[in-house]
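Report on one structure; see the data block that follows.
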Amino acid sequence: MPRLVSHPDEVKIVTRRFGMGAEKIDRYLELGGYEAAKKCLAQGPDWIINEMKASNLRGRGGAGFPTGLKWSFVPKQNPKPKYVLVNGDESEPGTCKDHLIFLHDPHAVIEGTIIAGLAIGAKMGFIYLRGEYRHLLEIMEMAVADAYAKGFLGKNIFGSETEFQIVTQTGAGAYEVGEESALMESLEGKRGIPRIKPPFPAVVGLYGGPTVINNAETIATVPHVIEMGAAAYSATGSPRNGGTRLFCISGHVARPGVYELPMGYNLKKMIYEVAGGIRGGRTLKAVVPGGSSTPVLLPEEIENLGMDFDQVGKAGSMLGSGGVVVIDDQTCIVEFALRTMSFYQHESCGWCIPCREGTDWLKKSLTRFHAGFGVAKDIDNIQYLAENMMGRTFCPLGDAAAMPTLGFVKKFRKEFEDHLNGKPCPFAKHVELAVI
Amino acid sequence: MSPNEMSPETMTLFSPQLAARFDALVLKYPLKRSALIPMLLYAQDEIGYLSDAVVAEVAERIGITELEVRNVASYYSMLRFKPVGKYNVQVCTNIVCMLRGAYGVFESFQEELGIGHKGVTSDGVFSLEEVECIGACCWAPAIQVNYEFHDELTAGHVPGIVAGYRGRALAEGTPTHA
């Protein structure tokens, strides 16, 4: 059972019902549940979208796109059925926040989905969970059944004339399906291969209808935004970055865990105070700030770094999915880069050549390099390959593989050079295993 | 009845409960085909893997060709065309689990079970796999045995985990798809 953690600096908004039995609908109602959905039903779509815009809530999946703006892109006059699609295919290494949301607060996801549906005029929503989360899918299914039994879902939600149905769906193991267009393909019963954009899903999405796709954390946040009011929610965060974020602090820290902290919270403080510092009295070597696809940061780069989309972007990385991976001084960065690339090589769907071939060659180069058979030219070649993947694929997986690699090579070039000329890796002993 | 034999009354490979579930599943979506991936996964959970007969029945139920079913199934890493052990041990070795000692845990499973990556024990009780991130990074290193998570592991936990599942296999009789 995933351990819940707590720290005085946390601002518990999305996590406020965690560990309180809110997966049971009666408990959820006792804790104020479904009031936000009722309010939205009374207020109507324009009010909801304005609230969401004013809240400065930005997509928690990684891109940080403003949620209210995304919802406003759905054309009102389109005669095709509209859909809400909740992305719970959480697969970015370093990220495990949706895991806790589904486990502790499934009704918040349902309520958020209803609100999104009301905002865009959809009658149907899908909640897609990764296949490995079977026990969480069962919790979600139970919650959906309970919401139907109470009349919160169905033909006449909350006794109104409005219809809203929710279907839960399981994936079957594919990182790529976390990309929104591949997610739609998967939900349509196909291989998870990205679609070319435009058209964007807001115009042509699931089954050809306008579709809003939001990360599960974004959706679970929506009822709280309505409940506390957009202004109060926005004020919790930093400029243009409303509210809080579920930061998954993992790796070499003393107290790893999912902590809900205000947007803009200092990264150094997050590691040293919230997560208890580097375990075993070691020192910090590097931090991956937002899941495996975000470029690594050095200790000197996190001194004054506030964790929001804009500040981390300015520091040359990305806030991404909120997965803060902490790396200590006993870690081989070449091995870390290799394991990262093994993952992307395994998960590339093979649709776009720069990604399919690029991840494969990068994995081969890094494997050879780490095993001590690298030559000086390889370092530049790795960089050249990665640079040529950037921006040349349908979906961001190519960039997601290239960006961290470029970061590792640029910031730890010396460590790459230390592996040259057959020198044994000073840290690692599992070279041969790091190849799936 | 072996799961690979069709029951003449129902003309399905699956248990009556699963067959009923599939009948309902295809009606849940605007398009039937959306039921394909969940159907394959649930079928695999019951039968053990996607046998030729499973592929044929799923194709029939969805109304697509067997080739289309195989084409989709081959994309997803959890779907398989070969049997695994009754308890499929999946050790995450992705970056965070690796930082916290996942390869030590993986080696320990290799020693304890006497098999390697993608191996199956001769009695069919266990199989072992090195897998990508399973979404338990803050509780690393973590593994999944079938769908059950075990987290915050060290190599020292491995014999106990193996013994626990071996005991369950003994209590439940011979493995279903050895």
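First to last, the protein sequences are chains A and B.
So for the first sequence, the working numbering puts the first residue at 12; every next one is plus one.
So for the second sequence, the working numbering puts the first residue at 6; every next one is plus one.
Built from N, CA and C at the ideal position, the CB exists for glycine as well.
The C-alpha of arginine 424(A) lies about 14 Å from the C-alpha of lysine 296(A). Bounds of the alpha helix (DSSP H) holding threonine 78(A) are 78 to 83. By the neighbour-count criterion, in which 16 or more other beta carbons inside 10 Å mark a residue as buried, serine 79(B) falls on the exposed side. When the Cα atoms are used, isoleucine 120(B) and threonine 181(A) turn out to be separated by approximately 30 Å.
It is roughly 7 Å from the alpha-carbon of glycine 203(A) to the alpha-carbon of cysteine 360(A). Excluding the 5 residues flanking it on each side, isoleucine 126(A) has same chain C-beta neighbours closer than 8 Å at Ala47, Ala48, Cys51, Ile59, Val233, Pro234 and Ile237, in chain order. Residue-level contact by beta carbon fails for phenylalanine 29(A) and chain B, as no gap is shorter than 8 Å.
Excluding five sequence positions before and after isoleucine 390(A), the CB atoms of its chain that fall closer than 6 Å to its own CB belong to Phe427, given in chain order.
DSSP lists Pro77(A) as the bridge partner or partners of arginine 69(A). Fewer than three pairs of CB atoms, one per stretch, sit closer than 8 Å, so the segment 64 to 71 of chain A makes no contact with the segment 176 to 191 of chain A. Glycine 124(B) is not a Cβ neighbour of arginine 141(A), given a cutoff of 8 Å. For valine 386(A), the number of other beta carbons within 10 angstroms of its own is below 16, and it is reported as exposed. For leucine 104(B), the chain A residues whose Cβ falls inside 7 Å of its Cβ are Gly262, His263, Ile338 and Thr342, in order along the chain. Between glycine 288(A) and valine 264(A), the beta carbon gap of about 7 Å places them in contact (Cβ cut-off 8 Å).
The beta carbons of glycine 189(A) and serine 304(A) sit about 11 Å from each other, so the pair does not count as a contact at 8 Å. Contact check for glycine 369(A) against methionine 400(A) passes: the beta carbons are separated by less than 8 Å.
Taking a C-beta cut-off of 7 Å against chain A, the contacting residues of the segment 21 to 35 of chain B are Lys33, Tyr34 and Pro35, listed in chain order. Here valine 101(B) is near glycine 262(A), since their CB atoms are less than 8 Å apart. The shortest CA-to-CA distance from tryptophan 144(B) to any of Lys374(A), Cys366(A), Thr404(A) and Gly334(A) is the one to Gly334(A). Distance between glutamine 322(A) and valine 298(A), taken at the CA atoms: about 15 Å.
For serine 303(A), at least one C-beta of chain B is nearer than 8 Å to its own C-beta. The C-beta distance from isoleucine 36(A) to alanine 154(A) rounds to 7 Å, short enough to fall under 8 Å. Residue pairing by DSSP puts tyrosine 139(A) in a beta bridge opposite Asn98(A) and Gln180(A).
Contact between alanine 65(A) and serine 245(A) holds, with the beta-carbon distance rounding to 7 Å and staying under 8 Å. In the structure shown, the three-state DSSP call for arginine 206(A) is coil. For asparagine 315(A), the number of other beta carbons within 10 angstroms of its own is below 16, and it is reported as exposed. The Cβ atoms of valine 94(B) and serine 132(B) sit closer than 8 Å to each other. Contact annotation: glycine 200(A) and serine 56(B) have beta-carbon atoms that are not nearer than 8 Å. By the rule that beta-carbons nearer than 8 Å mark a contact, serine 132(B) does not touch chain A. If you draw a straight line from the Cα of phenylalanine 405(A) to the Cα of proline 209(A), it is about 11 Å long.
Nearest to alanine 29(B) by alpha-carbon distance, out of His155(B), Ile67(B), Met16(B) and Tyr54(B), is Ile67(B). Per DSSP, the unbroken beta strand (DSSP E) holding aspartate 339(A) starts and ends at 334 to 339. With 16 or more neighbouring CB atoms inside 10 Å of its own CB, asparagine 252(A) falls in the buried class. Inter-residue distance for glutamate 196(A) and methionine 44(B) is about 16 Å (C-alpha atoms, whole angstroms).
C-alpha of asparagine 151(B) to C-alpha of glutamate 177(B): approximately 16 Å in a straight line.
Counting along the chain, the unbroken beta strand (DSSP E) around lysine 296(A) starts and ends at 295 to 299.
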